[in-house]
Amino acid sequence: MKTVTDSSPQVAGNTVNEDMAPVPTTRVSNITASLADVVSLLGKLDEACDTPFLSVISATTLSLIACVREAKRNKEESMHLMENIPDLLQVVVALHINAEPAGCLAPRTLEAVGEFTKTLHMIHSFVEAQQDTVGKKLKHFLKPNEMNTMLKECRVGLDRARDVFGLIVGVQLLNNGEERKLEMDKMHDEVLELVSALTDNSVSDGWSMRTKVSGTSSNSLSILPAEPKIFHGRAAELEAVVELFRQGSPRIAILGGGGMGKTSLAKAVLHDPEVSARYERRFFVATDSASTRPELLQLVASHIGLRPTKDLDTVMKASLARPALPSVEEFMSRVVEVPGLALMITMRGAERPAKVHWTHPFLPPLKQLPISAAQQTFIDIADSFHPSNEVEQLLRLTDYMPLAVNLIAHLVDYEGSSAVLARWENEKISLLSAGHDKRTNLEASIQISLSSSRLTSQPGAKDLLALLSILPDGLSDVELLQMNLPIQNIRAARSTLLSTCLAYVDEGKRLKVLGPIREHVQKSSPPSPSLLLSPREYFGQLLNLHSRYWGTDNPAGQSNRLASNLANIHQTFQRELHAGNPDLAQAVRYVLQYSFFRHIHGYGYTDLLPQVELLLPQACDDRIEIEYITRVFQSYMYYPVSEPELLVKQGLELLPNLTDPEYKCQFYRALGCYYCYHRNNFALSKQFLAKALTAANSAGLIDSAIKVLISSAETEGIQGNYSAANQYAQEARKLANLSGGLYAEAQALFNIAAAPLDCNLTHRILMLDRARDLLRLCNMAGASLDHNILTMMALAHLDKTEHVEAKAIYTDVLLRTSAEQDPFNHVCCLINLVAIEIHTRTGQMEDHTRQALGRASSIFQTLHYPPGGILCDMVMSDLQLNDGDVAGAYAKLKQCVSSSWGKDASVVSGCLNRLADVKRWPLDGTQRTWTWTITYLAWAQKTNDIIASHWALCFLGDYLLADEEEETAQNIFAAVLDGFTHMDIHEGRAHCMLRLGDMLERQGQRFMAAELWTVARTLFKRSMQEKNVAEIDARFAEHSLEQESLEQKEVGAPVLGDQNRVPVLGS
1 MKTVTDSSPQ VAGNTVNEDM APVPTTRVSN ITASLADVVS LLGKLDEACD
51 TPFLSVISAT TLSLIACVRE AKRNKEESMH LMENIPDLLQ VVVALHINAE
101 PAGCLAPRTL EAVGEFTKTL HMIHSFVEAQ QDTVGKKLKH FLKPNEMNTM
151 LKECRVGLDR ARDVFGLIVG VQLLNNGEER KLEMDKMHDE VLELVSALTD
201 NSVSDGWSMR TKVSGTSSNS LSILPAEPKI FHGRAAELEA VVELFRQGSP
251 RIAILGGGGM GKTSLAKAVL HDPEVSARYE RRFFVATDSA STRPELLQLV
301 ASHIGLRPTK DLDTVMKASL ARPALPSVEE FMSRVVEVPG LALMITMRGA
351 ERPAKVHWTH PFLPPLKQLP ISAAQQTFID IADSFHPSNE VEQLLRLTDY
401 MPLAVNLIAH LVDYEGSSAV LARWENEKIS LLSAGHDKRT NLEASIQISL
451 SSSRLTSQPG AKDLLALLSI LPDGLSDVEL LQMNLPIQNI RAARSTLLST
501 CLAYVDEGKR LKVLGPIREH VQKSSPPSPS LLLSPREYFG QLLNLHSRYW
551 GTDNPAGQSN RLASNLANIH QTFQRELHAG NPDLAQAVRY VLQYSFFRHI
601 HGYGYTDLLP QVELLLPQAC DDRIEIEYIT RVFQSYMYYP VSEPELLVKQ
651 GLELLPNLTD PEYKCQFYRA LGCYYCYHRN NFALSKQFLA KALTAANSAG
701 LIDSAIKVLI SSAETEGIQG NYSAANQYAQ EARKLANLSG GLYAEAQALF
751 NIAAAPLDCN LTHRILMLDR ARDLLRLCNM AGASLDHNIL TMMALAHLDK
801 TEHVEAKAIY TDVLLRTSAE QDPFNHVCCL INLVAIEIHT RTGQMEDHTR
851 QALGRASSIF QTLHYPPGGI LCDMVMSDLQ LNDGDVAGAY AKLKQCVSSS
901 WGKDASVVSG CLNRLADVKR WPLDGTQRTW TWTITYLAWA QKTNDIIASH
951 WALCFLGDYL LADEEEETAQ NIFAAVLDGF THMDIHEGRA HCMLRLGDML
1001 ERQGQRFMAA ELWTVARTLF KRSMQEKNVA EIDARFAEHS LEQESLEQKE
1051 VGAPVLGDQN RVPVLGS
């Protein structure tokens, strides 16, 4: 029985007291020292184990240590809470020490640790609020009664954790300080021993083997076979074998699975110039036809030239007379004794014959082809004119197995890629099995491995292979053990699959089966229904854990386990979605949880949802049906909703039958978001969101209320009601802080930053950094919200006209996402990169820029998202203007304003910014821009967009300057320059300085003009405006100003002296 210590005092009552006496420093030191000791152990465990919650617990505890030292209020309560934490952390360590397998917690135990982690976050929020710096910011958030409620919930959470942990591991608390120290010392040694075992001999490494599957030679030939004419992706292996031949007369075994290209590699070696020069007599003996030892001897003898009479008879009699010749291995051991003879065999499997001293270093079993090699093989056979997306899809089906690539390429050469893809949907692997031997029939090649005596003698291996055939992601060793599979001796079964190369271990140490083998096994020996129960329950438990803890204490290990099994979960529950399933309701619920996981983490839409729709009448569960309808509306960004009004009607009819208000709240919120984003029906959207908020508040559902407030903030922000959006987001942040909702607080911060009310752009970027820190704390870094925050951060850099930084962020997010997974962030980055390219380049745009814009438009069309098409048109107008199509660009922008007015404030603002800029419109630009400049200014004032107001005034100054109202223009530019300087908007500052310098130059103040132009030049370079840099250089050249002024002022950030201030407003 593991023991942990308890020396924490008991404090009566649940009321905070801000006037308590200071807590002794030694008490604080003791607490922080105890926490630091246990966190050190947790850190070691976290490095060696992929256990959910560990990194979250460690990070939160370290932050608590810093917070408690700075606490100024309620210090006694904070101390009491924290004195309980070391004991519970020790229990977490003990759970890992006692786990089976070592260091891996089962889902039931994870749930208890997750509850404790949630309590730990709540304690962190409470203690953090007691600091002066943070407390002042939160004072208007947390009222005294709210602080008392938080304290009470922290204590209840600690008591519950102690009870639950006690039930799991039988914890005995120790009050004696000496016993505590001894227990910590003992636990420290046990952790080091565990970490050492996990690091040096991990569960995966301890019983894993090198892998792949094999294929043998061809029909017996008396002549050397031809060199393979298509041979890609094996250069490293070929060089490794040839290097062995350089060293003498080697004994080489080429291992691997059926269809992996072993024979092709052997033929390439035989024809290598160095090998052929060294060995004039080379023999290729295909042993397929030899089923007995005499037949093998006869084959070898016939190839090396022994006469099939007396010579051969003598050899056979001599060999058969020896009792020490029980096997082919013994025969090979005798052959290699011949001086000057080199032996190279190809063999199916991963184990070399034992009785031959094989030359080192061993050649690893052959793996699949690299993608590039598979593509080149395909092109050599079928040519390169086939659609690349179809070719990629076909090659993925082969899993890059050489034989499968070869066969499918020949089919495409004959039938075309589209026809072959269509046939695959119906015929699967049979499509590649029309030949008559193992080199032209993929199933025949695979069946040879399935007939292995090692496989048939181990029944568990066949069951495991059948299970893996429906699990494309494979299984880790931990999953194999924790799934409680009904397979006898699972370790032996695993070893058998590896030794026969029917399975392999990938870079992530997951046991996998190649796609063609999976297809054949599914067809010939599918897993039994009883075998599928274990993965169903295991994946269901993981999905339940995620649904319960995501956004507050979402553990990295738990999310990683689900992410590593996306295809497995899909395949498992797809088989559960049928009317005859007695547990259909539970299967549907798991599918809905799976869909939500994919959505929130940016993995895209699952096509299991439409299958659920067909089964709803059979499910006969109102709760599941309303959950399904809600999930469909939540998936709007991935899947267009057909007949939404009918679904709404069905949902409203179901709500009275449900007693849980959570269903009503989620349903109304989903409708509010859908009608906002996809229908632009803001009135209806607000009605549904108001109903959702009422339902949440009436039932005291704080988490649900936060989500509704955030959705309301997004809805107001889209319309340009930034003040209202900010109010909703601030209220959501307050509630999130109270409830310990880290993800929700990050969402709130994102929406606060999205409302352009704060003109301090640096502060906005820091706020977004804080939001990302919160996501890291709850292990949601890299999820869709993280990508949202990054794109908002890039937008803040764009507002500052820091195009280099913005471009780097957009490129990073673009590479992290795809059109299938997190499509909105992907297309947002794509289109903004195009806009930056157009804005910062001079001359004709490259073809890739136009192609990227076309790709963005195509993605929006796929998503059925009309506002996205308008955004593409706005950027297209930039291209048209760059190409000289002024009229077309102007007309397109006017249409964009008309289409987006009242629907998307960001697009309206972007269009007005372009239309109001006189520099963009040649010839009659002043006539074009005057009305738009005033409209832009009015829009900016209406929406309280301070940055837009400054740009509108800047454009107004340009108009007045063109209209020869120079004095008024000078005053406007001077005033706007102060604003741009305060906000640190480089291009805006440069624009004003350029105009002011031009006016000063005309007034004869050439050196003041030169000083302004010099600073403007630096700022234009900072914002990548090379065209403006060239204009300033031309001014220096034209006016013969001293070049030294330019060179001196460009270093650093010049500041105008008081004597050189620009005269404004009569000064």
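Residues in the sequence shown are numbered consecutively from 1, following the working numbering. Glycine included, every Cβ here is placed at the ideal spot set by N, Cα and C. All values derive from a computational prediction rather than experimental measurement.
Straight-line gap, A852 to Q880 (C-alpha atoms, nearest Å) | About 15 Å.
How about the stretch 964 to 974 and the stretch 766 to 786: do they share at least three Cβ pairs that are nearer than 8 Å?
-> Flag = no, the stretch 964 to 974 and the stretch 766 to 786 do not touch.
Spell out a yes or no on whether the stretch 502 to 520 and the stretch 596 to 603 are touching, meaning 3 or more CB-CB pairs, one atom from each, closer than 8 Å.
-> Judged by Cβ distances under 8 Å, the stretch 502 to 520 makes no contact with the stretch 596 to 603, as fewer than three pairs qualify.
Alpha-carbon spacing of A382 relative to D812, whole angstroms | A direct Cα-Cα distance of roughly 35 Å separates A382 from D812.
Proximity of A567 and D473 at Cβ, strictly below 8 Å | Their beta carbons are under 8 Å apart, which means A567 touches D473 by this criterion.
Leaving out the 5 sequence neighbours to the left and right, which residues in its chain are closer than 6 Å to E837 when beta-carbon positions are compared?
-> Cβ neighbours of E837 beyond the five flanking positions: T849.
In terms of alpha-carbon separation, which member of S739, D773, N726 and A732 lies closest to P756?
-> Per the Cα distances, N726.
Out of curiosity, what's the CA-to-CA distance linking S1070 and F378?
-> The structure shown does not extend to residue 1070, since the chain is modelled only from 1 through 1067, so no value can be given for it.
Just the Cα atoms here: how many angstroms apart are W549 and I57?
-> Going by the sequence as given, residue 549 is Tyr instead of Trp. Spanning the alpha carbons of Y549 and I57 requires a straight line of approximately 14 Å.
Name the two residues that bound the continuous alpha helix (DSSP H) containing A1084.
-> As shown, the chain starts at 1 and ends at 1067. That puts residue 1084 outside it, with no answer to give.
How big is the Cα-Cα spacing for V1051 and V1015?
-> Only weak support is given to the placement of V1051: the predicted model assigns it a pLDDT of 44, under 50, and the value that follows is read from those uncertain coordinates. Near 10 Å, if we compare the C-alpha coordinates of V1015 and V1051.
Buried or exposed for G884, please, with buried defined as at least 16 other CB atoms from any protein chain shown within 10 angstroms of its CB.
-> In summary, G884 is exposed, with fewer than 16 beta-carbon neighbours lying within 10 Å of its beta-carbon over all protein chains present.
Range of the contiguous alpha helix (DSSP H) that encloses M767 = Counting along the chain, the unbroken alpha helix (DSSP H) around M767 starts and ends at L761 to L777.
What's the call for R348, buried or exposed, on a 16-neighbour Cβ count within 10 Å?
-> Counting Cβ neighbours within 10 Å, R348 comes out buried, since at least 16 surround it.
Which of helix, strand or coil DSSP assigns to V591 | In the structure shown, V591 sits in a helix (DSSP, three-state: H, G or I).
Does DSSP put V641 in a helix, a strand or coil?
-> V641 falls in the coil class under three-state DSSP.
Residue burial classification, A277 (beta-carbon count within 10 angstroms, cutoff 16) | Under this definition A277 is an exposed residue.
In three-state DSSP terms, what is I487?
-> It is coil, neither helix nor strand.
Quick one: is D463 buried, meaning 16 or more other Cβ sit within 10 Å of its Cβ, or exposed?
-> By the C-beta density criterion, D463 is buried, having at least 16 other C-beta atoms within 10 angstroms.
Quick one: residues in its chain with C-beta nearer than 6 Å to the C-beta of L795, no 5 flanking neighbours on either side, listed in chain order?
-> A distance below 6 Å between beta-carbons, with the five flanking residues on each side excluded, links L795 to no residue of its chain.
By how many angstroms is the C-alpha of L394 removed from the C-alpha of P387?
-> Using only the alpha carbons, I get a separation of about 11 Å.
Identify whether K919 lies in helix, strand or coil by the three-state DSSP scheme.
-> For K919, the three-state secondary structure derived from DSSP is helix.
First through last residue of the beta strand (DSSP E) which encompasses M401 | From DSSP, M401 is part of no beta strand (DSSP E); its letter is neither H nor E.
If T801 and K1027 are in contact, beta carbons under 8 Å, what's the gap, nearest whole angstrom?
-> T801 to K1027, Cβ: 14 Å. No contact.
Go through its chain and collect everything with a Cβ distance to S249's Cβ below 7 Å, but skip five positions before and after it.
-> By the criterion of a C-beta distance shorter than 7 Å, S249 is surrounded in its chain by G340, L341 and A342, once the five residues flanking it on both sides are discounted.
Of the residues L577, Q541 and R575, the one placed nearest L561, counting alpha carbons only = For clarity, residue 561 is Arg in the given sequence; the question names Leu instead. Answer by Cα proximity: Q541.
Find out if the Cβ-Cβ distance for the pair C501, A350 is shorter than 8 Å.
-> In this structure, C501 sits near A350, with a CB-CB distance shorter than 8 Å.
Is any beta-carbon of chain C found at less than 8 Å from that of A975?
-> Of the protein chains in the structure, only one exists, and it is not chain C.
What are the boundary residues of the beta strand (DSSP E) that T1069 is part of?
-> With the chain covering 1 to 1067 only, the question about residue 1069 has no answer from this structure.
Selected residue, minimal CA-CA separation from Y675, among G233, Y636, V708 and A771 | Residue Y636 is the option with its Cα nearest to Y675.
Please confirm whether V391 and T398 have their CB atoms less than 8 Å apart.
-> No. Outside cutoff.
Enumerate in chain order the residues of its own chain whose CB-to-CB distance from F362 is below 8 Å, with the five nearest sequence positions on each side excluded.
-> For F362, where only same-chain residues beyond five positions count, the Cβ hits under 8 Å are A253 and R352.
Specify whether the stretch 952 to 966 and the stretch 726 to 741 touch according to this definition: at least 3 beta carbon pairs, one from each stretch, less than 8 Å apart.
-> In this structure the stretch 952 to 966 does not lie against the stretch 726 to 741, because fewer than three pairs of beta carbons, one per stretch, are closer than 8 Å.
Which term fits Q1025, buried or exposed, when burial requires 16 or more other beta carbons within 10 angstroms of its beta carbon?
-> By the neighbour-count definition (other C-beta atoms within 10 Å, threshold 16), Q1025 is a buried residue.
Look up G868 in the DSSP assignment and give the residues it is bridged to.
-> Beta-bridge annotation (DSSP): G868 is not paired with any residue.
With respect to the beta strand (DSSP E) encompassing R251, which residues constitute its N-terminal and C-terminal limits?
-> Its beta strand (DSSP E) spans residues R251 to G256.
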